[in-house]
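When the letters of the sequence shown are read in order and numbered with this note's numbering, they come out as residues -18 to 134. For glycine and all other residues, C-beta sits at the position ideal for the given N, C-alpha and C. Computed from a predicted structure; not experimentally measured. Scroll down for the structure; my scribbles are underneath it.
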Amino acid sequence: MLDEEIFIKEIKYAKVKSIDDYVEKEIKKEFNTSDYLFHYIVDKKEEKIIIYAIKGLNKINPFIKYVKKLNILPIQFRLTKLIMNSLRNKSFKSLINIEDKYYYIKVSNGNIVENSIVKDRKMLNVEDNIVYGKFKYPFSKKELVLEKGEVNE
């Protein structure tokens, strides 16, 4: 898992011959690709493509030559999946405390649309209707404790 903020770029969905080529052009136009990993989701219903970028390519490069397949999972995606399953809802705002860091994640229709990582939660301007949680290491489903309302520090 990479512990970095995810950069999110939404672009209008276009019917093209190759979605991969279309997204690759957008990535080259928008990002410095030297230290970023990319992933994208096509949302035909909303007519958009969401591009996710996370810094960390240089961190994993030493391992690439030793493995055939490497799955990189930003912690925000893991948290989103666990929270969606727990709430049985695909749209929510959450603030999760993990090892002295706060992860703010806003999810719409199952897709992360905003995220931040801070050490001091007062730096975040959190709104109402937010799910608070604490996640302990090791990261298992049983270790995620969620509650609605005020955070107990």
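Legend entry - Environment of Ala34 [buried if 16+ CB atoms lie within 10 Å]: If you number the sequence shown from 1, residue 34 lands on position 53. So Ala34 ends up on the buried side.
Inset, instruction - Tell me whether Ser97 sits in a helix, a strand or coil according to DSSP, three-state version. - result: Residue numbering aside, residue 97 sits at position 116 when the sequence shown is read from its first letter. Ser97 falls in the strand class under three-state DSSP.
Inset, instruction - Consult DSSP for Leu38 and reduce its assignment to one of helix, strand or coil. - result: In the sequence shown, residue 38 corresponds to position 57, counting from 1. Looking at Leu38 - three-state DSSP - the assignment turns out to be helix.
Legend entry - Collapsed DSSP secondary structure at Lys29 in the structure displayed: The residue you call residue 29 lines up with position 48 of the sequence shown. Here Lys29 sits in strand by DSSP.
Legend entry - Given Leu76 as reference, the closest of Ile86, Ser67 and Asp24 once Cα atoms are compared: Here residue 76 is taken as the residue at index 95 of the sequence shown, counted from 1. For Leu76, the nearest C-alpha among the options comes from Ile86.
Inset, instruction - Out of Ser89, Lys25, Arg102 and Asp16, point me to the one whose CA is closest to Ile41's CA. - result: Numbered from its first residue, the sequence shown carries residue 41 at position 60. Among Ser89, Lys25, Arg102 and Asp16, the Cα nearest to that of Ile41 is on Asp16.
Legend entry - Contact set for Val94: own chain, Cβ-Cβ below 6 Å, skip 5 residues either direction: Translated into positions along the sequence shown, residue 94 becomes position 113. So the list reads Lys87, once near-sequence residues are dropped.
Inset, instruction - Identify whether Glu5 lies in helix, strand or coil by the three-state DSSP scheme. - result: Working through the sequence shown from its first residue, we reach residue 5 at position 24. Helix at Glu5.
Legend entry - CA-to-CA distance, Ile79 to Lys138, given in whole angstroms: For the chain, the structure presents residues -18 to 134; residue 138 sits outside this window and is missing.
Legend entry - Supposed contact pair Ile22 and Val4 - C-beta distance, whole angstroms, cut 8 Å: Within the sequence shown, the letter at position 23 stands for residue 4. Within the sequence shown, the letter at position 41 stands for residue 22. Incorrect: roughly 10 Å between the Cβ atoms, too far for contact.
Legend entry - Straight-line gap, Asn110 to Arg69 (C-alpha atoms, nearest Å): Walking along the sequence shown from the start, residue 110 turns up at place 129. Walking along the sequence shown from the start, residue 69 turns up at place 88. The alpha-carbon atoms of Asn110 and Arg69 are separated by roughly 15 Å.
Inset, instruction - Buried or exposed for Gly114, please, with buried defined as at least 16 other CB atoms from any protein chain shown within 10 angstroms of its CB. - result: Your numbering for residue 114 matches position 133 in the sequence shown. Flag for Gly114 reads buried.
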